[in-house]
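For the sequence shown, UniProt numbering assigns the number 1 to the initial residue and increments by one for each residue that follows. By construction, the Cβ of each residue, glycine as well, lies at the ideal position given by its N, Cα and C atoms. Since we're looking at a predicted model, the values are computed, not measured. Working notes for the structure below.
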Amino acid sequence: MEADIRLMFDSPEYSIRDFRCRCTSCGVSGKEHQEHFSIAYIRKGNFRFNVFRNELDAYSGLFLFCKPGYEHTVGHVHDLPDECTIFSFSAAHAALLESQAPGLKGFFRNPDLHSILVKATPDMEYLHHRILTLLERPRFPQMEAEQLMADLFGRLMNNADKGPAPFSGREIRHYMPLVEAVKIHISTHFDEDLSLNALAAMSHMSPYHFNRMFRQMTHTTPYRYLLNVRLQEAAWQLRHTGRPVTEIAFATGFHSLEHFSAAFRKVFGKPPSGARA
1 MEADIRLMFD SPEYSIRDFR CRCTSCGVSG KEHQEHFSIA YIRKGNFRFN
51 VFRNELDAYS GLFLFCKPGY EHTVGHVHDL PDECTIFSFS AAHAALLESQ
101 APGLKGFFRN PDLHSILVKA TPDMEYLHHR ILTLLERPRF PQMEAEQLMA
151 DLFGRLMNNA DKGPAPFSGR EIRHYMPLVE AVKIHISTHF DEDLSLNALA
201 AMSHMSPYHF NRMFRQMTHT TPYRYLLNVR LQEAAWQLRH TGRPVTEIAF
251 ATGFHSLEHF SAAFRKVFGK PPSGARA
């Protein structure tokens, strides 16, 4: 397989690589050996991941968990280039993650199950976006990056029993890239006054059709997705900065402190001041 693979972060516990497929024709790769436990977030594309008689339909918005010590092949589904963020773990750190994943006991204990797919939740996608954006800087605060990764890994281990929903090939090829582009736009512009009509126009769909496809592929509405990103960013700032609560509320796209406080309490079960404490 032809690909650009760039090391973005490296530590004794884990490394992060940016994977961008550069194959010029669809086909099946040669056998590749899995040396480390890894979790790949599929940012773009659709491919068939084949390992030990199992074929996984991997597409954007999913995490691919892989045990070490096995061979696999990758088959391209169409000419849309695959892009992934690959987290590779040392044996000691992988064992630590395994001990913190009650929902994954069946996966780790089954010797015939080598890889699984997990549907990303909006908060996982928010954390992945924050990590990727941070690591793209020429210089980045390492502790902040590691805290974001710890949060992401913790949520993955707690929610890894949620498999992907079945989609048709046409939906994955045509609609999935459009929905993924909108999610990235929301994660980048959450502090702006976004509208359903504007997001639908980005996808070249009517508001009704866009809302239906977004819900089908994310299991939530565009508004709820936006609200979740805003609240996750606000929660991060409350925990890791000393900015006033009111300032954080307006900086994350809320138009009133009352709306922010009510939405925050509904999702996190405590007021913003409680999250800071």
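Leaving out five residues on either side along the sequence, give the residues of the same chain with a beta carbon under 7 Å from the beta carbon of residue i.
i, result
"Arg243", "Gln237"
"Leu132", "Thr85"
"Phe47", "Ala58, Val74, Gly75, His76, Val77 and Asp82"
"Phe153", "Leu97"
Just how far apart, CA to CA, sit residue i and residue j?
i, j, result
"His114", "Ala275", "38 Å"
"Lys270", "Thr252", "18 Å"
"Ser99", "Glu13", "15 Å"
"His240", "His174", "39 Å"
"residue 311", "Met8", "For residue 311 there is no data in the structure shown, the boundaries of the chain being 1 and 277."
"Arg6", "Glu180", "22 Å"
"Glu233", "Glu144", "13 Å"
"Phe260", "Ile42", "32 Å"
What does a CB cutoff of less than 6 Å around residue i pick up in its chain, not counting 5 residues either side in sequence?
i, result
"Ser212", "Residue identity check: residue 212 is Arg in the sequence provided, not Ser. Within the same chain, Arg212 has no close Cβ partners at all."
"Ser11", "none"
"Ile116", "Phe65 and Phe107"
CB-CB under 8 Å to residue i, same chain, minus the five flanking residues each way: which ones, in chain order?
i, result
"Arg22", "Glu2, Ala3, Asp4 and Pro81"
"Thr221", "Asn211, Phe214 and Arg215"
"Phe140", "Leu134"
Would you say the beta carbon of residue i comes nearer than 8 Å to a heavy atom of the ligand SAM?
i, result
"Met149", "Summarising the ligand content, the structure contains no ligands, and the ligand SAM is consequently not present."
Out of the options, which has the shortest C-alpha to C-alpha gap to residue i?
i, options, result
"Ala150", "Ser261, Phe89 and Cys66", "Phe89"
"Ser15", "Leu196, Ala91 and His255", "Ala91"
Next on the checklist: Using 8 Å as the cut-off, can you tell me whether the region 222-235 makes contact with the region 117-131, which would need three or more C-beta pairs spanning the two stretches below that distance?
Outcome noted: yes
Next on the checklist: Contact between the region 22-37 and the region 72-92 is defined here as three or more beta-carbon pairs at a separation below 8 Å; is this criterion met?
Outcome noted: yes
Next on the checklist: Assess contact between the region 183-195 and the region 142-161, defined as three or more Cβ pairs (one per stretch) separated by less than 8 Å. Is contact present?
Outcome noted: no
Item to check | Contiguous beta strand (DSSP E) assignments of at least 3 residues, all confined to the region 28-62 | outcome: 32-34, 37-44, 46-51 and 54-59
Checklist entry - Which parts of the UniProt domain "HTH araC/xylS-type" (180-277) are runs of the alpha helix (DSSP H), unbroken and 4 residues or longer, counting only runs that do not cross its ends? => result 196-202, 207-218, 222-240, 245-251, 257-268 and 272-276
Checklist entry - Hey, which unbroken runs of the beta strand (DSSP E) at 3 residues or more fall wholly within the region 84-172? => result 115-119
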